[in-house]
Amino acid sequence: MARISYVDGQFLPSHLAQVAMQDRGYQFADGVYEVAAFMNARLLDEARHLDRLERSLAALAIPMPMTRRALTLKLYELMRRSHQRDGLLYLQITRGAAPRNHLWPQGMRPVLTMSVFPPKFPGAALRAKGCAVITAADERWARCDIKSISLLPNVLARKKSATPELRETWLVNETGVITEGSSTNAFLVTTQGKIITHPADHHILGGVTRDVVLELARSHQIPVEERGFTPRELAEAAEAFLTSTSNFVLPVVVVDGNKVGDGTPGTVTRRLMALYDHHIEQETYENSA
Ligand SMILES: Cc1ncc(COP(=O)(O)O)c(C=O)c1O
16 MARISYVDGQ FLPSHLAQVA MQDRGYQFAD GVYEVAAFMN ARLLDEARHL
66 DRLERSLAAL AIPMPMTRRA LTLKLYELMR RSHQRDGLLY LQITRGAAPR
116 NHLWPQGMRP VLTMSVFPPK FPGAALRAKG CAVITAADER WARCDIKSIS
166 LLPNVLARKK SATPELRETW LVNETGVITE GSSTNAFLVT TQGKIITHPA
216 DHHILGGVTR DVVLELARSH QIPVEERGFT PRELAEAAEA FLTSTSNFVL
266 PVVVVDGNKV GDGTPGTVTR RLMALYDHHI EQETYENSA
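Residue 292 in our numbering sits at position 277 of the sequence shown; the count goes up by one each step and never skips.
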């Protein structure tokens with residue numbers, strides 16, 4: 016069956032989906048995006064994703080293309096038309112189309128596009144074994160909190176870990192701390208069982224999964240500290256893990272070729288995986304409200 020997309024008011028098969036060449040998304044990467052998972056035809060953490068979308072748009076002075084309620088209805092209609100119960104929903108909003116000029120004209124009409132992708136959540140074997148990552152320089156701009164479609168440094172960083180054994184590239188900024196991954200948030204667990212992760216400031220994208228995991232940790236008395244950590248601290252850590260919409264909570268057992276702790280998923284990470292799985296079930300269980 017053809018994959019389904021939505022382009023500026025129209026639902027159509029993805030292979031027929033087209034955008035204007037003059038769209039500022041294409042010309043200047045002038046836009047934002049969101050990716051949300053759905054299961055049992057229910058969006059996971061819908062309100063958090065829409066909140067972040069509104070924050071990103073506001074930071075770039077791009078208006079919402081429609082009301083939040085209307086956008087939610089479109090998201091659900093796209094899911095229904097995709098005939099998928101589980102998957103990833105990708106949406107992008109650009110400032111719109113205009114003759115190419117750095118300065119944008121007043122009153123532009125934003126353009127919304129959306130697509131549905133099959134689920135690519137990690138399988139049981141990967142979750143049980145954990146993954147390997149490498150580190151590389153963080154070469155991004157000063158507003159990583161905006162979920163901008165301008166992802167070139169992220170794309171180039173991820174290319175550095177483009178082998179089947181590696182899952183991600185973690186980014187080290189000019190002060191020597193790990194900010195996050197190219198498309199994931201980064202965490203370590205100290206030998207005392209404390210979770211450390213970079214604060215959700217302008218240097219990282221505040222992941223929806225990150226927020227949920229930190230809330231779950233705090234409500235289960237697992238200590239959390241939000242600060243940057245160095246690769247050296249990571250070398251001495253007991254555990255590490257990453258989070259994202261498409262990875263959930265995934266153990267990181269090797270960094271730059273060195274084992275983290277004993278090289279297997281640790282107890283705190285496994286506990287958080289279980290808590291997060293439960294959160295997914297609660298949010299998307301068929302009989303949930
Ligand atoms: C740079 C970056 N950090 C973190 C994340 C994880 O965010 P979320 O948990 O909302 O998927 C993403 C997701 O795309 C990302 O691009």
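Note that beta-carbon positions come from the ideal geometry of N, C-alpha and C, so glycine has one too.
Within this structure, are the beta carbons of residue i and residue j separated by less than 8 Å?
i    : j    : result
V192 : H217 : no
L93  : L104 : yes
T194 : I164 : no
V283 : P246 : no
S130 : S259 : no
Y300 : L231 : no
V264 : L287 : yes
W119 : R39  : yes
S197 : T205 : no
V223 : A252 : no
Y48  : Q121 : no
Q236 : R115 : no
T109 : V126 : yes
V239 : I210 : yes
Taking DSSP as the reference, what is the three-state secondary structure of residue i?
i    : result
N200 : strand
M288 : helix
E240 : strand
Q42  : helix
P168 : helix
T194 : strand
L75  : coil
S176 : coil
A62  : helix
A32  : coil
A112 : strand
Per DSSP, residue i is paired with what?
i    : result
F263 : S259
L118 : The partner list for L118 (beta bridge, DSSP) is empty, contrary to what the question assumes.
M54  : R57
V269 : A147, K274
E49  : L106
E298 : The partner list for E298 (beta bridge, DSSP) is empty, contrary to what the question assumes.
E254 : V204
For the beta strand (DSSP E) containing residue i, list its first residue and its last residue.
i    : result
Y105 : 102-109
R182 : 181-187
P246 : Careful: P246 lies outside any beta strand (DSSP E), inside the alpha helix (DSSP H) at 246-251.
S20  : 19-22
A152 : 146-152
T212 : 210-212
For the alpha helix (DSSP H) that contains residue i, what are its first and last residues?
i    : result
M129 : Taken as a continuous stretch (DSSP letters only), M129 belongs to no alpha helix (DSSP H), being part of the beta strand (DSSP E) at 126-132.
T190 : Neither: T190 is in no alpha helix (DSSP H) and is coded neither H nor E.
L27  : Here L27 belongs to no alpha helix (DSSP H); instead the beta strand (DSSP E) covers 25-28.
R96  : 83-97
D226 : 223-234
Of the choices the options, whose alpha-carbon is the least far from that of residue i?
i    : options               : result
L75  : A51, L59, G111, R96   : G111
Q297 : A17, L59, L27         : L59
H98  : D66, C146, F136, R57  : R57
V34  : A232, E49, N169, A113 : A113
R182 : F26, L90, Y91, V268   : V268
S234 : W185, H294, A255      : H294
V148 : R173, Q207, I77, F244 : R173
E189 : A73, N55, L68, F244   : F244
R96  : Q207, D277, F132      : F132
V50  : A151, K162, Q207      : K162
G102 : K135, G46, C159       : K135
Does residue i come within less than 8 Å of chain C when only Cβ atoms are used?
i    : result
M123 : The question asks about chain C, but that chain is absent: this structure has only one protein chain.
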